[in-house]
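A short worksheet on the structure shown next.
Numbering (this note's numbering), first residue to last: 756 to 818.
Written out as structure tokens, the structure reads:
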């Protein structure tokens, strides 16, 4: 994760490892919203990430 970049609809999105380390250096918690590939990328770093997975409720509840 030197720079974590993913492409979506022809656009590049991502957060650099240096940016996350900068937040950690200030004794803050860095919160990232990532997809499955982003999670896999952060797992391969020394950032000691914690993951929280959220699942949307079923659309059946809306009916």
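Where is the CB? At the ideal position from N, CA and C, for every residue including glycine. Please read all numbers here as calculations on a predicted model, not as lab measurements.
Collapsed DSSP secondary structure at residue i in the structure displayed
i	result
residue 770	strand
residue 761	strand
residue 791	helix
residue 801	coil
residue 796	helix
residue 776	helix
residue 814	helix
Whole-angstrom distance between residue j and residue i, CA atom to CA atom
i	j	result
residue 830	residue 792	Because the chain here runs from 756 to 818, residue 830 falls outside it and cannot be looked at.
residue 776	residue 795	18 Å
residue 772	residue 804	12 Å
residue 785	residue 774	9 Å
residue 782	residue 770	18 Å
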